[in-house]
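Trainee: Take this structure, written in structure tokens, and hold onto it; I'll ask about it next.
Right under this line is the structure:
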């Protein structure tokens, strides 16, 4: 088992598409939560294999995309300071703040580095005791244990030149916000597989029951996504609203307990503002008081910095599934990956970036 | 952002970060296996941001793929 090829098998995908066709009797709208799923759906054309009655809409599942402009501006302000080595995942470099992006700051001589893991940033802090090393901790629950591990280890080692700028978000409160909206269109969710590998499935059970919505924890390959869609459609057609697990090869019902313990040790649940959506209660993680010394916003006193979002960018509508990227007047015209108005066009998991990369020559429909 | 890549553990060093080498096809990277304390060399894990999220379960993967064959077998009985 190689865990990739088997789940990209064309014949298996056709079988599942046929099973969905046989099952569906009326229109249903499904939202995939994770940006990785969005990209796989658009890249492999999975939506085009489905009967017309099934609509897929794309959710707020790209943490880079939902990071507010204010936090990007705070990162830019820290990165521009002398003596700072600012580390980030590559996705963040082109995300526009209110006036520029990390690339621009880097081009003026700031020490901005792309790292693959917060543990790489921790190693940089160890090796460069005369530099302040800051990691831009953006992510969903999937990324929280790696960031928590880096901070916990920095404390154990007494590394005083390491800190993180936290922009952590949690999926369930965002789903609650989408379901509670008077403009709700979603009949069922494909929940984000890797988020659930950490957090488990239990926090989704009350959501499914309260809003009468099937939630299927789903992986990322084409066969996985089609099976997740089939499981959603089966529930909808049978009048069920349960939490089910398509990704049983990785996701356990209770999630990963050591990872949850790390998150609990370092982070606490806080309110967060989502770019284009607004404030959502309890929708993020922030550092606990015991770890406040590792909070870059406090260390560099940038907490008050932050400009407005672009009035031309409709990413808030895209992130809630109200608008498909090609329906935005700026798409592919004033907004491209080289000159993005918002993060959804530049992040590797943004919905606008997916449509620009794979669908930009198709008519809007 | 939540991209996870499956890889096979080559070796593990028992330390606070539980670092180990993981093979992703021909590419080998150092990864923390701190959140999969029982995972040993030979096991498959999904890695995200330098941390193994969880071990992959081959039996569950096989069951899922077999369930697809059962779908088609069911149609043969009920007709097109």
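Chains as they are written, first to last, in the numbering used here: chain A, 3 to 367; chain B, -6 to 73.
Where is the CB? At the ideal position from N, CA and C, for every residue including glycine.
These numbers were taken from a predicted model, which means no experiment stands behind them.
Quick one: what's got a C-beta closer than 6 Å to residue -2 (chain B)'s C-beta in the same chain, skipping five residues either side?
Mentor: On the second chain, residue -2 (chain B) is found 5 positions in, with the first residue counted as 1. Taken in chain order, the residues that qualify are 17 and 40.
Trainee: Quick check on residue 88 (chain B): does DSSP put it in helix, strand or coil?
Mentor: Shown here, chain B extends from -6 to 73; a query on residue 88 (chain B) therefore has no answer.
Trainee: Give, in chain order, every unbroken run of the alpha helix (DSSP H) that is at least 4 residues long and sits entirely within the region 160 to 188 of chain A.
Mentor: Fully enclosed alpha helix (DSSP H) runs of 4 or longer: 173 to 182.
Trainee: How about residue 196 (chain A): is its C-beta nearer than 7 Å to some C-beta of chain B?
Mentor: In the first chain, the residue the question calls residue 196 (chain A) occupies position 194. True, the Cβ-Cβ gap to chain B drops below 7 Å.
Trainee: Do residue 356 (chain A) and residue 136 (chain A) count as a contact pair if the criterion is CB distance below 7 Å?
Mentor: Numbered from 1 along the first chain, position 134 holds the residue referred to as residue 136 (chain A). Numbered from 1 along the first chain, position 354 holds the residue referred to as residue 356 (chain A). No. Outside cutoff.
Trainee: Which term fits residue 326 (chain A), buried or exposed, when burial requires 16 or more other beta carbons within 10 angstroms of its beta carbon?
Mentor: Within the first chain, numbered from 1, the residue matching residue 326 (chain A) stands at position 324. Residue 326 (chain A) should be labelled buried.
Trainee: Residue 118 (chain A): buried (16+ other C-beta within 10 angstroms of its C-beta) or exposed?
Mentor: The residue given as residue 118 (chain A) occupies position 116 in the first chain. Burial call: exposed.
Trainee: Measuring alpha carbon to alpha carbon, tell me which of A:52, A:237 and A:111 ends up nearest residue 19 (chain A).
Mentor: The sequence position of residue 19 (chain A) within the first chain is 17, counting from 1. It is A:52 whose Cα lies nearest to the Cα of residue 19 (chain A).
Trainee: Can you name the residues of chain A whose CB is closer than 7 Å to the CB of residue 32 (chain B)?
Mentor: Here residue 32 (chain B) corresponds to residue number 39 of the second chain, with the count starting at 1. What residue 32 (chain B) touches in chain A: nothing, since even the nearest Cβ is about 11 Å away.
Trainee: Would residue 4 (chain B) pass as a contact of residue 30 (chain B) if the rule is Cβ separation under 7 Å?
Mentor: Locating residue 4 (chain B) in the second chain gives position 11, counting from the first residue. Locating residue 30 (chain B) in the second chain gives position 37, counting from the first residue. Result no, Cβ atoms of residue 4 (chain B) and residue 30 (chain B) do not sit closer than 7 Å.
Trainee: Would residue 33 (chain A) and residue 188 (chain A) be called neighbours here (beta carbons separated by less than 7 Å)?
Mentor: What you label residue 33 (chain A) is simply residue 31 of the first chain in a count that begins at 1. What you label residue 188 (chain A) is simply residue 186 of the first chain in a count that begins at 1. Yes, Cβ-Cβ distance for residue 33 (chain A) and residue 188 (chain A) is below 7 Å.
Trainee: At a Cβ threshold of 7 Å, is residue 36 (chain A) touching chain B?
Mentor: By one-based count along the first chain, residue 36 (chain A) stands at place 34. So yes, residue 36 (chain A) belongs to the interface.
Trainee: Hey, would you say residue 258 (chain A) sits closer than 7 Å to residue 47 (chain B), going by beta carbons?
Mentor: Taking the first chain and counting its residues from 1, one reaches residue 258 (chain A) at position 256. Taking the second chain and counting its residues from 1, one reaches residue 47 (chain B) at position 54. Yes, they are a contact pair.
Trainee: Spatial neighbours of residue 198 (chain A) within its chain, please: CB distance less than 6 Å, with the 5 preceding and 5 following residues excluded, ordered by chain position.
Mentor: As a first step, residue 198 (chain A) is located in the first chain; it is residue number 196 there, counting from the start. Correct list, in chain order: 219 and 253.
Trainee: So, is the C-beta of residue 260 (chain A) closer than 7 Å to a C-beta in chain B?
Mentor: Within the first chain, numbered from 1, the residue matching residue 260 (chain A) stands at position 258. Interface residue, yes.
Trainee: Could you confirm whether any beta carbon from chain B is found closer than 7 Å to the beta carbon of residue 317 (chain A)?
Mentor: Stepping through the first chain from its first residue, residue 317 (chain A) is reached at position 315. Taking Cβ atoms only, chain B never reaches closer than 7 Å to residue 317 (chain A), which makes this a no.
Trainee: Could you give the distance in angstroms between the alpha-carbon of residue 128 (chain A) and the alpha-carbon of residue 314 (chain A)?
Mentor: For the purposes of this step, residue 128 (chain A) is taken as the residue at position 126 of the first chain. For the purposes of this step, residue 314 (chain A) is taken as the residue at position 312 of the first chain. Rounded to whole angstroms, residue 128 (chain A) to residue 314 (chain A) spans 43 Å at the Cα level.
Trainee: Is there contact between the region 320 to 335 of chain A and the region 70 to 89 of chain A, where contact requires at least three CB pairs shorter than 8 Å?
Mentor: Flag = no, the region 320 to 335 of chain A and the region 70 to 89 of chain A do not touch.
Trainee: Between residue 42 (chain A) and the rest of its own chain, which residues show a CB-CB distance below 8 Å, the 5 nearest in sequence each way excluded?
Mentor: The residue labelled residue 42 (chain A) in the question sits at position 40 within the first chain. Counting only Cβ-Cβ distances below 8 Å, and skipping sequence neighbours, we find 48, 222, 223, 224 and 227.
Trainee: Considering only the alpha carbon of each residue, which of A:361, A:358 and A:353 lies closest to residue 38 (chain A)?
Mentor: As a working note, residue 38 (chain A) is residue 36 in the first chain. Residue 38 (chain A) has its Cα closest to that of A:353, out of A:361, A:358 and A:353.
Trainee: What residue ranges within the region 17 to 59 of chain A form continuous beta strand (DSSP E) runs of no fewer than 3 residues, ordered along the chain?
Mentor: Within the region 17 to 59 of chain A, the complete beta strand (DSSP E) runs of at least 3 residues are 30 to 34.
Trainee: Where do the ends of the alpha helix (DSSP H) carrying residue 317 (chain A) lie?
Mentor: Taking the first chain and counting its residues from 1, one reaches residue 317 (chain A) at position 315. Element bounds for residue 317 (chain A): 317 to 321.
Trainee: Is the separation between the beta-carbon of residue 57 (chain A) and that of residue 40 (chain A) shorter than 7 Å?
Mentor: For the purposes of this step, residue 57 (chain A) is identified with residue 55 of the first chain, where counting begins at 1. For the purposes of this step, residue 40 (chain A) is identified with residue 38 of the first chain, where counting begins at 1. Their beta carbons are not under 7 Å apart, which means residue 57 (chain A) does not touch residue 40 (chain A) by this criterion.
Trainee: Starting from the beta carbon of residue 118 (chain A), find every residue of chain B whose beta carbon is closer than 9 Å, and list them in chain order.
Mentor: What you label residue 118 (chain A) is simply residue 116 of the first chain in a count that begins at 1. Per Cβ cutoff of 9 Å: 22, 42 and 43.
Trainee: Return the first residue and the last residue of the beta strand (DSSP E) that residue 285 (chain A) is part of.
Mentor: As a first step, residue 285 (chain A) is located in the first chain; it is residue number 283 there, counting from the start. Looking at the DSSP string, the run of the beta strand (DSSP E) that includes residue 285 (chain A) is 280 to 289.
Trainee: Chain B partners of residue 200 (chain A), CB-CB under 7 Å?
Mentor: Stepping through the first chain from its first residue, residue 200 (chain A) is reached at position 198. The contacting residues are 46.
Trainee: Got a sec, what are the start and stop residues for the beta strand (DSSP E) residue 1 (chain B) sits in?
Mentor: In the second chain, residue 1 (chain B) corresponds to position 8, counting from 1. -2 to 5 is the span of the beta strand (DSSP E), which, as asked, contains residue 1 (chain B).
Trainee: Taking a contact to mean a Cβ-Cβ separation below 7 Å, would you say residue 194 (chain A) touches residue 35 (chain A) in this structure?
Mentor: Sequence index remark: in the first chain, residue 194 (chain A) carries index 192 (1-based). Sequence index remark: in the first chain, residue 35 (chain A) carries index 33 (1-based). Yes, they are a contact pair.
Trainee: Given a cut-off of 7 Å, decide if residue 171 (chain A) and residue 286 (chain A) are closer than it, judged by their beta-carbon atoms.
Mentor: The residue you call residue 286 (chain A) lines up with position 284 of the first chain. The residue you call residue 171 (chain A) lines up with position 169 of the first chain. It is a contact, given that the beta carbons lie within the stated cut-off.
Trainee: Taking 7 Å as the CB-CB cut-off, is residue 35 (chain B) touching chain A?
Mentor: On the second chain, residue 35 (chain B) is found 42 positions in, with the first residue counted as 1. Taking Cβ atoms only, chain A never reaches closer than 7 Å to residue 35 (chain B), which makes this a no.
Trainee: So, for residue 65 (chain A): in the same chain, excluding its five sequence neighbours on each side, which residues have a beta-carbon less than 7 Å away from its beta-carbon?
Mentor: Counted from its first residue, the first chain places residue 65 (chain A) at position 63. Correct list, in chain order: 140, 141, 142 and 171.
Trainee: What in chain B is Cβ-close to residue 18 (chain A), meaning under 9 Å?
Mentor: Taking the first residue of the first chain as position 1, residue 18 (chain A) is located at position 16. Here the neighbours are 61 and 64.
Trainee: Measure the C-alpha to C-alpha separation of residue 235 (chain A) and residue 323 (chain A) and round it to an integer number of angstroms.
Mentor: Within the first chain, numbered from 1, the residue matching residue 235 (chain A) stands at position 233. Within the first chain, numbered from 1, the residue matching residue 323 (chain A) stands at position 321. Whole-angstrom Cα-Cα distance: 19 Å.
Trainee: Should the region 72 to 82 of chain A be regarded as contacting the region 95 to 103 of chain A, the criterion being three or more beta carbon pairs within less than 8 Å?
Mentor: At 8 Å Cβ cutoff, the stretches touch.
Trainee: Under the three-state reduction of DSSP, which class applies to residue 197 (chain A): helix, strand or coil?
Mentor: Working through the first chain from its first residue, we reach residue 197 (chain A) at position 195. Helix.
Trainee: Label residue 56 (chain B) either buried or exposed according to how many other C-beta atoms from any shown protein chain fall within 10 Å of its C-beta, with 16 as the threshold for buried.
Mentor: The sequence position of residue 56 (chain B) within the second chain is 63, counting from 1. Residue 56 (chain B) comes out exposed.
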